[in-house]
Structures are given as C-alpha cells and as structure tokens.
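Input: a single structure, listed below in structure tokens.
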Amino acid sequence: MGEFEQLYRELILDHYKSPRNHGLLDPADASAEGQNPLCGDEIAVTVRLGADDRIEEVGFDGRGCAISQAATSMLTDLVKGKTAQEVAEMPKDDLLDELGIPLTPVRLKCAILGLGVLKLALHKARGTPLPEEWGTSARDLVLE
Amino acid sequence: MGEFEQLYRELILDHYKSPRNHGLLDPADASAEGQNPLCGDEIAVTVRLGADDRIEEVGFDGRGCAISQAATSMLTDLVKGKTAQEVAEMPKDDLLDELGIPLTPVRLKCAILGLGVLKLALHKARGTPLPEEWGTSARDLVLE
Amino acid sequence: MSREYDADVAVTAKTTLDAQRLRADFPIFEQTFHGKPLAFLDSAASSQKPRQMLEAMTHFYETSYANVHRGVYQLAERATEALELSREKVRALLNAPSAREVIFVRNATEGINLVAYAWGLSNLGPGDLVVVTELEHHSNFVPWQYIAHRTGAGFRMIPLDDHGQLRLDELDSIAREGNVKVVATGVVSNSLGTMNPVDRLAAWAHEHGAIMVADGAQSAPHMKMDVQALGCDFVAISAHKMCGPSGVGALWGKAELLERMEPFLTGGHMIRSVGVDDSTWGELPHKFEAGTAPMAEAVGFGAAIDYLTEIGFDAIERYEHELAAYALDKLAELPWVTSYGPPADRRAGIVSFNVDGVHPHDVAQVLDFEGIAIRAGHHCCQPLMRKLGVAATNRASFYLYTIPDEIDRLVDGLHKVRKAFG
Amino acid sequence: MSREYDADVAVTAKTTLDAQRLRADFPIFEQTFHGKPLAFLDSAASSQKPRQMLEAMTHFYETSYANVHRGVYQLAERATEALELSREKVRALLNAPSAREVIFVRNATEGINLVAYAWGLSNLGPGDLVVVTELEHHSNFVPWQYIAHRTGAGFRMIPLDDHGQLRLDELDSIAREGNVKVVATGVVSNSLGTMNPVDRLAAWAHEHGAIMVADGAQSAPHMKMDVQALGCDFVAISAHKMCGPSGVGALWGKAELLERMEPFLTGGHMIRSVGVDDSTWGELPHKFEAGTAPMAEAVGFGAAIDYLTEIGFDAIERYEHELAAYALDKLAELPWVTSYGPPADRRAGIVSFNVDGVHPHDVAQVLDFEGIAIRAGHHCCQPLMRKLGVAATNRASFYLYTIPDEIDRLVDGLHKVRKAFG
Ligand SMILES: Cc1ncc(COP(=O)(O)O)c(C=O)c1O
Ligand SMILES: Cc1ncc(COP(=O)(O)O)c(C=O)c1O
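Residue numbers (my numbering), protein chains in the order written: chain A, 1 to 144; chain B, 1 to 144; chain C, 1 to 422; chain D, 1 to 422.
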C-alpha cells in the first residue's frame with residue numbers, strides 16, 4: 001500500500017466526500033467555531049443535548065483539508081449518545097484510532113480541530129473542562 | 001624584533017611614562033573631552049590659540065592605555081604652531097606615521113582618540129569641520 | 001484573478017545560468033524523499049544552502065571565533081574583522097551609501113519591528129496615518145498596525161486591482177484621511193510574485209513627509225537591489241531566503257534617520273556610557289545592535305552574498321522569469337487549476353494556484369509523496385487571501401537551483417491530485 | 001575589595017572532569033597564536049565550540065532544512081521536529097514546567113528587552129519602581145532604565161558591599177520609595193563571578209507583587225539551573241556562552257504571565273488572524289516568535305546542551321571553582337596585582353584583577369603576544385567599575401576546556417607585563 005493510500009484511505013475519502021451530520025443545527029444547545037490558522041481549516045460545531053447533558057444531535061460545517069473535514073465527520077458519529085463530561089474527557093487518541101492513519105505533527109492539528117471545537121462548545125454551554133495543554137488562554141480555539 | 005617591541009617601541013613607552021604637554025590649561029580658548037568606552041580611555045584637551053587661530057599652547061590630561069596616552073602626547077608636539085583649520089584637515093595618518101607602529105582596528109581607536117578630541121575642541125571653539133566619517137551625530141566624541 | 005502570462009518566454013536556462021551545475025553545491029539534493037529526488041519548490045519560504053556558505057561558517061567557528069568588538073587579542077580582532085567585512089558585503093548588496101547604515105538583525109521581521117518601535121513610538125500619534133498594502137506579508141503589516149494602535153495613529157491599506165497590482169489611484173483619497181507618516185510595502189510579494197512600484201510609492205511618501213519602509217525579504221534573493229534607486233528610507237532583508245543561514249538579516253536605514261531615532265533593543269555593546277540616572281547611546285550601527293551579534297550567521301550571510309554575486313543577480317532574475325513563465329504556461333493547460341497574480345514578465349519566480357475542489361493542504365500532501373515540496377496556506381498574507389476569496393493557496397517558488405524538470409514533475413503530481421480527489 | 005579566597009581548594013581536575021581530553025573536541029585549539037598554543041581565558045564573553053555542536057548544525061542544514069511550522073512536506077516536518085526538540089532540551093536545562101514557556105530569542109539581551117517592552121510598557125507607570133543591582137551587566141540594566149524612563153517609573157539599584165555582594169539590608173528602604181514592580185538581577189556576575197542570592201530577591205519581589213527577572217547568561221553555562229527553585233518569573237540565557245552558536249538564546253517565562261502579556265515583535269508566524277482593523281495573537285510560544293526562527297541555531301543550542309549535560313553541570317561547576325581558587329591563589333602571590341570580588345568558594349570561574357600602574361588594555365595586549373586571550377575593559381558593567389573606582393579591569397574566565405597550565409602561563413605573562421611597564 002502506498003503512502004497516499006495509507007493517509008487517504010477509502011473511509012477517509014468517503015467521509016470527506018460525503019460528510020455525516022453535515023449542516024448546523026438551529027436552535028442548538030451548544031456551539032463553537034475554530035480555525036487552524038496555519039492551513040486555513042475552519043470548523044463550526046452545533047450540538048443538541050438531552051437528559052444528563054447527553055449529545056442527541058450534532059451538526060457541523062466547515063471547509064478545509066480532507067483530513068480535518070473527514071475527522072470531524074467521523075467524530076460526530078463517535079460522540080452521539082455520550083455525555084458532555086464524557087466528551088470533555090475523551091482523549092484525542094480515541095478519535096485518532098478511529099481515523100487509523102499515520103499523522104505528522106502538522107496534519108495532527110488538522111485531525112483534532114473538530115474535537116477541540118466540540119469540547120469548546122460544551123465548555124461554553126455546560127462548563128465542562130478544556131484540555132489542560134491548551135493553557136489558560138484558550139478563550140477561543142486555535143490549534144497551532 | 002618581537003611583536004611587543006614593535007608595538008611598544010621605546011619612543012612610545014617614553015611618551016607614556018613622561019607625557020609632553022601634560023596638564024590642562026586654564027584659561028583656554030578651546031577644550032573638549034572624549035572617551036573610548038570600549039576600553040575606558042579618557043582624554044581631555046585644552047588649547048590656547050594665537051593669531052590666525054594658530055595653536056600656541058596645548059595641554060592634555062587623561063587616563064588609559066599606553067597607546068592612547070602616548071599618541072596624545074606625541075600629537076600635542078605635532079600640532080603646535082598649526083592653525084585650527086590645518087588641524088581640522090589633518091589626516092589621521094599624519095599622527096599614525098609619527099607613531100610608527102602596527103595597529104589593529106581596536107588599538108587604532110586608542111591611537112586616534114586624542115586627535116578626535118582636539119578636533120572637537122577646535123570645532124566647538126572655532127567652527128572648524130569635524131571628520132566626515134563621524135556622521136551628523138558627533139555632538140560629543142566617542143570613537144567606537 | 002487572471003491566468004495571463006507571456007507565453008513567448010521560453011526556458012533557455014543554459015544561456016543564463018546552469019542550474020543543474022549549481023545544484024551540486026547544495027547537499028540537500030543528495031537525498032531522496034519518499035524514494036524520489038527532492039523537487040524543492042518552496043524557496044520563497046526559505047532557500048536551501050550551498051556548501052560554500054556552510055563551510056564559511058564552520059571555518060569561522062573553527063579558526064576565528066570570539067566575541068567581537070571588545071577584545072584586544074588576535075582572535076577577537078579576527079572575529080570583528082569578519083563581522084565588519086560581512087557588513088560591507090551587505091552594504092554593497094544593497095548599494096547603500098555607508099556600512100554604518102547596515103544593522104544586523106535576526107530577520108526581516110525584526111528589522112521592520114525595529115523601525116516600527118524605534119521610529120514609530122516617538123513619531124506617531126492621533127491624526128497620523130500608517131499606510132501598507134493589501135498584499136503585504138504579515139511581517140510588514142502587523143508591526144505597523146500594532147504601533148499605530150499603540151500610538152493612536154490611523155492604519156490604511158492600499159488595495160489591489162484584479163491583476164494583483166496596487167491601485168495607486170487610491171493614494172489621493174488615502175492622503176485626505178490624515179497625515180501620512182509611514183508608507184510600508186514589499187518590493188516583491190511572496191504570494192503572487194508581484195513586483196511593486198516602490199519608487200513611485202517612495203515619491204508619494206516623501207511628498208507627504210512620510211518615511212518609506214520597503215520589505216526586501218522577497219526581492220533581495222532574486223534581483224539586484226539598489227536602495228538609493230528605490231528611494232526608500234529603510235529596507236529589511238533576511239539571509240535565510242538567499243542561501244544564507246537562519247538567524248540573521250539586515251536592516252538598512254538612512255543615517256540621518258537612524259541617528260535621530262531612539263534605540264530599540266538596549267543593553268551591552270550599544271551604549272556609550274551607562275549611569276544610574278541616564279545612559280547614552282553608541283554610534284551607528286552599534287546603537288541598534290544590543291548584545292552579542294549573530295556573528296557566525298553574519299559571516300555566513302557574507303558568504304551567501306559572495307555566492308550569489310558570483311552567479312550574478314541579473315542571471316538569477318532572468319532565469320526565474322523563465323521558470324515562472326514556463327510554470328504558468330504548463331498550469332494554463334490544466335482547466336481545473338486557477339492561478340493568481342500578474343503576467344510572468346511582471347513577477348518573480350513565484351506561482352500561486354488552486355486545484356478546483358481540493359484543499360491546498362491535500363494538494364501539498366499528495367505532492368510530498370512524490371518528493372515535491374510546495375507550500376500550502378495563507379503565506380502570511382491573510383488580507384490578500386480574503387481579497388482573493390480563498391482560505392489558502394498552493395505556492396510553488398523557484399530559485400537558482402530549480403530545474404524545469406521539477407516543474408514538469410509538479411504538473412504530473414497535480415494530475416495525481418486531481419485523480420485522487422476528483 | 002579583598003583578595004581573600006579559599007586556599008585549601010586544590011586543583012584536582014582529573015577527579016571531576018578531564019579538561020585535557022575535552023579540549024580535543026574544540027577545533028580552535030588546533031592553531032597557534034603568535035607561535036604559541038591558545039590559552040583562551042575569555043569564555044565569559046563567549047565560549048569556544050565543540051565539533052559535535054558544529055556538526056549538528058551542518059547536518060541539519062544538509063539533511064533537514066526548510067522553514068518550520070507551516071510546511072506539509074517531509075523536510076518541513078523534520079525541521080519543525082528538530083526545532084521543537086531543541087525547545088524541549090532548553091526546557092529540561094532550566095527545569096521549566098513546560099516547553100510552551102520557552103521562547104527562542106537572539107541572545108539574553110533580547111530576552112530581557114522582550115520582558116521590559118512587552119510587560120513593562122503595559123504595566124509600569126509613575127510611582128512604580130524598577131530595581132536592579134549595582135553589579136548588573138548593561139543588558140539587564142539599560143533595558144530596565146530605558147523602559148522606566150519611557151513609562152515614568154522610578155529606577156533603583158541595590159548597592160554592593162566591599163566584598164562584591166549585594167546589600168540586602170538596603171531592600172527595605174528601597175521598597176519605601178515606591179511600588180516595587182520589577183526586580184532584575186544576574187544569577188552570576190560576569191565581572192566578579194559573584195553568585196547572587198536570587199531566591200531571596202525573588203521572595204522579596206513577590207512579597208511586593210513584583211515580577212522577578214533573572215539574567216542567567218553567566219550561570220547557565222556553568223551550573224545546573226532550576227527556574228522553579230530560583231523562584232523567578234523570567235530567566236534569559238544565551239547559547240553562545242555555553243558551547244552553542246551565536247544568534248540564539250532563550251527566554252523562559254511563567255505561562256500565566258506570558259499569556260497575559262502583549263506580544264513584543266509582531267509579524268509572520270506569531271498571529272492567529274490578521275484583519276484590517278485588528279489582529280489576534282497565536283498561542284505560546286509562537287506569540288513571541290515573530291518571523292523565521294533561528295532554526296539551525298536552535299538545533300546547535302540543543303546539541304550544546306546535550307554536550308554539556310553529558311559532561312555534567314555539577315562537574316563543570318566544581319572544576320571551575322577549583323580553577324578560580326587556583327588562579328586567585330597564584331595572583332595573591334603577586335603583590336602588584338589587585339584582584340576583585342568574593343572568595344573562590346562563592347564565585348564562578350571568573351577572576352577580575354588589575355596590575356598596578358598598567359592599563360588593562362596594555363596588559364591584555366602583552367598577554368596576547370604570549371597567546372593568552374583575556375578581556376580588558378568595563379565588561380559591560382560601568383556602574384560596577386565606578387563602584388570599584390577603576391575605569392576597567394582585566395578579566396580571566398574559565399570553562400570546561402581550561403587547563404591549570406593556562407593559568408600558569410597567565411601568571412608568567414603578568415610578570416612580563418610588569419617588567420615592560422614597571
Ligand atoms: C551577566 C550577563 N548578562 C547578559 C549578557 C549579555 O549576553 P548577550 O550578549 O549574549 O545578550 C552577558 C554577556 O555578555 C552577561 O555576562
Ligand atoms: C515578503 C516577505 N516579507 C517578510 C518576510 C518575513 O521574513 P522573515 O521571516 O525572515 O522575517 C517574508 C518571508 O516569509 C516575506 O516573504
């Protein structure tokens with residue numbers, strides 16, 4: 001298998017070309033946007049929460065590279081039914097395992113942008129914690 | 001002849017140990033001070049001018065390395081009887097020829113400090129020009 | 001933006017500059033990437049380094065290293081001479097009147113910040129205007145915006161027309177909005193390759209009593225620069241884009257201005273005397289060079305200038321024009337590629353483009369698998385990206401070691417991109 | 001000043017560190033000067049470079065060079081990894097909590113200016129006090145004086161006692177004169193080798209709500225540093241004094257402070273987004289690293305840290321103590337030599353002295369003819385020179401490649417000086 005096929009495996013390209021849960025929810029219980037200024041990836045995420053702050057519906061919109069859009073699409077499938085607290089605590093590796101592709105540090109930022117935006121949305125709406133490595137200045141989301 | 005003897009030849013050491021025209025004149029027609037901040041050389045020069053702004057008497061004081069003090073001592077002998085304008089136009093090589101020793105760029109600054117201070121004194125008293133390479137900011141003298 | 005270019009310009013590399021031979025000077029090309037030879041098409045971000053330059057730095061460290069300016073001993077004298085010789089080489093490179101006017105900085109960005117702080121903090125205030133261009137690199141945009149905000153001055157942008165050229169017809173209306181005090185422009189745009197009419201902007205700036213600051217980061221590597229002919233007051237450049245090391249650049253400024261300015265960084269070396277109540281500043285250029293200089297880097301910069309000068313800036317510029325024309329020609333054959341910027345005869349060796357429906361990041365990634373290095377992103381030109389209506393572009397940029405075969409490989413790679421994402 | 005020292009300390013180099021063996025790593029010692037082997041006793045100004053460090057930089061340029069952070073292609077990834085690995089090495093060197101808090105600068109001077117401008121311009125005003133010490137290097141003195149003047153804050157100096165130690169009994173009276181907002185001190189004095197009680201000053205600073213800025217330029221090369229144990233808020237160091245290249249240094253600062261601060265240099269790379277009306281800043285450490293980083297220099301810095309770490313900072317410190325004690329011992333035998341500073345057990349490997357009736361410049365010149373490199377001057381410490389009542393001193397400073405024989409040659413050379421000028 002070539003390097004291309006490793007990175008852009010079929011499932012990734014499928015999520016990129018036909019993103020799941022695409023489109024923003026209105027109204028929504030939680031929402032946020034973020035960008036990766038290095039490459040211009042942009043993601044907005046909206047969420048509807050049910051009992052126990054459990055994610056009932058999630059919708060996203062964005063533009064950017066295949067990795068960032070496919071990863072966010074896969075993420076939306078992954079988090080449905082989880083509580084806000086569970087998502088806040090979700091390690092990025094859970095998403096990366098799902099992606100199942102080798103990522104260099106630069107591409108890693110693309111892959112986890114959507115997850116960061118989702119955590120930010122829940123933080124703003126429900127006060128769930130933000131990842132520690134963001135530091136104290138994570139008012140808005142930037143993954144650099 | 002060793003490198004030491006070349007640089008600190010007998011005449012230099014003699015001028016250093018028994019400087020000519022040592023001591024400041026009071027009153028004086030022109031005076032200035034300068035320093036070479038890199039090594040802490042300091043020189044003050046005073047001048048009495050006669051007809052045609054000709055240098056009648058010159059006295060200096062200072063502390064610093066042998067080269068700076070000896071060169072200034074030799075300079076005072078050299079300029080007596082010259083007009084202010086002649087001194088202003090005097091190339092530094094006239095003094096360096098008199099010194100007759102090999103000088104690296106750093107030591108060159110020591111050697112020409114006294115000449116610079118003298119030109120400055122005459123400039124302040126008689127408006128004679130300052131060396132062009134000093135630029136427009138030569139309010140006070142610093143050879144760096 | 002148009003896809004026009006001058007198709008008549010053929011690639012006749014041999015007659016001007018032998019890129020294939022020069023490549024042998026660059027050790028980076030001795031490796032393969034992903035099993036393929038390296039097609040390095042990102043020289044506008046930073047150029048690769050010739051052996052001659054690397055050896056000059058190592059030689060300096062091995063034979064002549066000591067802290068400069070203060071030492072009486074021979075090593076320190078040698079190091080000082082080497083540093084000052086490089087300063088003279090930068091002076092000659094820029095045709096500056098005096099080496100006293102050449103200040104070593106880390107990079108062009110620091111050079112521009114130096115002017116923005118040291119001149120701007122003391123000379124700007126409410127009612128004044130700082131004017132930059134819409135295609136400015138962030139490094140010649142943000143420092144001015146920041147100092148304008150700090151001092152209460154206004155901040156304006158000269159807009160672009162649809163060909164990526166500055167709309168000089170807007171100047172009058174800008175001037176009516178306040179006292180123009182600073183005009184800042186790049187000589188060559190790093191995104192579009194556009195060559196700006198710096199001399200005309202300088203004339204306009206001086207008409208209004210403003211200082212003219214030129215960002216030469218993208219022109220100095222590629223063409224003969226003459227700060228006197230440009231009519232600027234300050235020019236900033238970076239060594240790393242022109243075969244020199246990282247960690248050093250130069251700011252040239254007119255002595256009259258530099259002398260009247262407050263210092264920027266203060267500390268060791270730049271002083272005349274230090275007292276508890278007050279300190280006074282040293283002479284040019286020392287007044288602006290606080291602390292230990294990037295000494296070996298300056299020596300490397302000097303060696304890079306020697307290297308480029310021997311090849312000849314005219315030959316380099318001509319060769320890059322040819323490469324740009326060739327690349328634009330090839331890209332024009334791909335209907336699913338949009339390229340941006342002026343015609344080839346009015347641009348340096350930089351080509352920005354997008355592949356329909358494919359994000360630049362993915363384009364660059366696929367090309368990387370082919371051993372081709374291009375840049376994808378906003379190229380530190382977010383205002384320009386907004387104007388182009390895109391989040392990012394792909395940029396291929398050329399230098400004296402670029403060979404037409406690499407452009408062919410780029411085009412082949414784009415076909416692969418198209419196939420994968422089409 | 002006294003000439004006391006601890007005469008019990010014998011030179012037992014072999015047991016700690018094999019300087020003779022380490023010398024072989026330093027190509028500079030392969031030449032002769034004035035026909036004699038080089039006795040380089042000016043390491044406090046800048047150290048010589050081991051082959052290992054030079055090779056790391058060349059290797060980086062030859063195999064992994066590209067502009068960092070933005071490139072998707074492999075070369076850029078490699079370069080970015082190398083830069084960030086060096087950042088981690090600096091973090092470990094200083095025992096800093098996080099690599100995000102490590103900012104690459106040109107040198108310690110720039111690091112201190114960064115804090116003075118970015119923190120000082122926004123946090124200082126009339127009624128506030130900036131406090132430095134009387135033995136401060138100009139680089140940790142002038143920036144504070146300059147920013148104090150710009151902002152209207154007061155500027156005070158903690159005086160020295162006759163042994164070259166800070167008079168901490170003066171602190172209370174200083175604090176009564178205003179709001180202490182900044183306390184800045186060197187960890188080790190470059191003139192006297194004095195080790196300052198930084199932890200106590202830091203406690204005092206924090207009692208008053210001030211920030212504590214430590215200049216580590218002269219301590220980082222010679223001893224294990226621990227910014228958390230020191231209790232500082234900022235520490236600045238330079239690579240070139242510790243076997244690293246010129247052109248790079250590091251500023252460490254507490255994340256909470258760095259995050260609340262305005263940026264310093266602005267431009268490419270340090271932004272989050274740039275708009276016509278406003279721009280926003282990137283995350284740490286990028287917010288403070290505008291423009292292209294000193295990439296190869298950072299890589300060399302990392303290699304230098306590896307080199308020193310392998311030898312061991314404890315061994316280096318102990319060895320330098322021994323050399324200092326040996327030198328002070330030898331100088332004490334010369335009644336026409338006055339040496340300055342604290343006893344050997346309270347100083348780093350730095351010895352400042354004067355020869356009666358001979359200007360330091362002449363001393364250094366005569367020694368140079370013997371192949372011995374020492375420094376003569378004010379060592380960027382004019383306030384201290386005033387305190388000592390001298391215009392300049394001679395300074396011999398030692399490092400891991402210094403051998404006792406070089407100190408013997410220094411003493412022999414001083415006899416020659418005495419004979420020539422006596
Ligand atoms: C104590 C001290 N602080 C600061 C500096 C300045 O270091 P740099 O010139 O590398 O900025 C030095 C070195 O000269 C020093 O010895
Ligand atoms: C036009 C232009 N200006 C300024 C810069 C900034 O250069 P540096 O990062 O070396 O300061 C660059 C390079 O990125 C550039 O292309």
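In this text, a Cβ means the ideal position worked out from N, Cα and C, and glycines have one as well. Bear in mind the structure is a predicted one, so any value in this text is a computation, not a measurement.
Which of helix, strand or coil DSSP assigns to residue i
i: C:Trp-119; result: helix
i: D:Gly-302; result: helix
i: D:Met-53; result: helix
i: C:Asn-354; result: strand
i: D:Lys-330; result: helix
i: C:Val-480; result: Because chain C here runs from 1 to 422, residue 480 of chain C falls outside it and cannot be looked at.
i: C:Ile-28; result: helix
i: D:Trp-252; result: strand
i: D:Val-274; result: strand
i: B:Lys-92; result: helix
i: C:His-137; result: coil
i: C:Asp-226; result: coil
Spatial distance of residue i from residue j (CA atoms)
i: C:Arg-176; j: C:Leu-201; result: 16 angstroms
i: B:Gly-116; j: B:Gly-34; result: 8 angstroms
i: C:Asp-368; j: D:Glu-259; result: 35 angstroms
i: D:Phe-288; j: D:Leu-265; result: 7 angstroms
i: C:Thr-16; j: C:Leu-22; result: 12 angstroms
i: A:Glu-5; j: A:Gly-100; result: 12 angstroms
i: A:Pro-129; j: A:Ala-88; result: 6 angstroms
i: D:Thr-292; j: C:Lys-241; result: 10 angstroms
Other residues of its chain near residue i: CB distance less than 8 angstroms, five sequence neighbours each side excluded
i: D:Val-390; result: Asn-354
i: C:Pro-37; result: Phe-29 and Gly-371
Residues near residue i by beta carbon distance below 6 angstroms, same chain, minus five either side
i: C:Val-411; result: Lys-330
i: C:Ala-499; result: For residue 499 of chain C there is no data in the structure shown, the boundaries of chain C being 1 and 422.
i: B:Thr-72; result: Ile-43, Phe-60 and Gly-114
Span of the alpha helix (DSSP H) around residue i
i: C:Thr-280; result: Per DSSP, C:Thr-280 belongs to no alpha helix (DSSP H); it is in the beta strand (DSSP E), 279-281.
i: B:Met-74; result: 66-79
i: D:Asp-172; result: 171-175
i: B:Ala-14; result: Per the sequence shown, the amino acid found at residue 14 of chain B is Asp instead of Ala. From DSSP, the alpha helix (DSSP H) with B:Asp-14 extends over 10-17.
i: D:Ser-238; result: First-last for D:Ser-238: 234-238, but that is the beta strand (DSSP E), not the alpha helix (DSSP H).
Proximal residues to residue i (C-beta, below 7 angstroms), its chain only, five neighbours per side dropped
i: A:Leu-141; result: In this predicted model, A:Leu-141 has a pLDDT of only 45, less than 50, meaning its place in the structure is not dependable enough to derive any value.
i: A:Gly-23; result: Gly-59 and Asp-61
i: D:Arg-51; result: Asp-25 and Pro-27
i: C:Phe-33; result: Gly-371
i: D:Leu-414; result: Leu-334, Val-337 and Val-355
i: C:Gly-357; result: Phe-421
i: A:Arg-107; result: Ile-67
i: C:Gln-446; result: Given a span of 1 to 422 for chain C in the structure shown, any question on residue 446 of chain C remains unanswerable.
Residues that residue i contacts on chain G, provided the C-beta gap is smaller than 8 angstroms
i: B:Gly-64; result: Going by chain labels, chain G is absent from the structure shown, which instead holds the protein chains A, B, C and D.
Endpoints, the beta strand (DSSP E) within which residue i is located
i: B:Gln-35; result: 30-36
i: A:Leu-118; result: Unbroken run through A:Leu-118 is the alpha helix (DSSP H), 105-126; no beta strand (DSSP E).
i: D:Leu-75; result: D:Leu-75 -> not in any beta strand (DSSP E); alpha helix (DSSP H) instead, spanning 74-94.
The stretch 389-409 of chain D / the stretch 143-161 of chain D touching (three or more Cβ pairs under 8 angstroms): In this structure the stretch 389-409 of chain D does not touch the stretch 143-161 of chain D; the number of beta carbon pairs closer than 8 angstroms is below three.
Cβ pair count under 8 angstroms reaching 3, the stretch 207-225 of chain D against the stretch 134-151 of chain D: Output reads yes: the stretch 134-151 of chain D touches the stretch 207-225 of chain D.
Stretch-stretch touch, CB-based, cutoff 8 angstroms, three pairs: the stretch 117-125 of chain C with the stretch 75-92 of chain C: Between the stretch 117-125 of chain C and the stretch 75-92 of chain C there are fewer than three inter-stretch CB-CB distances shorter than 8 angstroms, so the stretches are not counted as touching.
Any 3 or more C-beta pairs closer than 8 angstroms across the stretch 7-19 of chain A and the stretch 63-73 of chain A: In short, these stretches touch, since the Cβ pair count reaches three.
Validate contact between the stretch 313-325 of chain C and the stretch 55-66 of chain C using beta carbons, cut 8 angstroms, 3 pairs: These segments do not touch.
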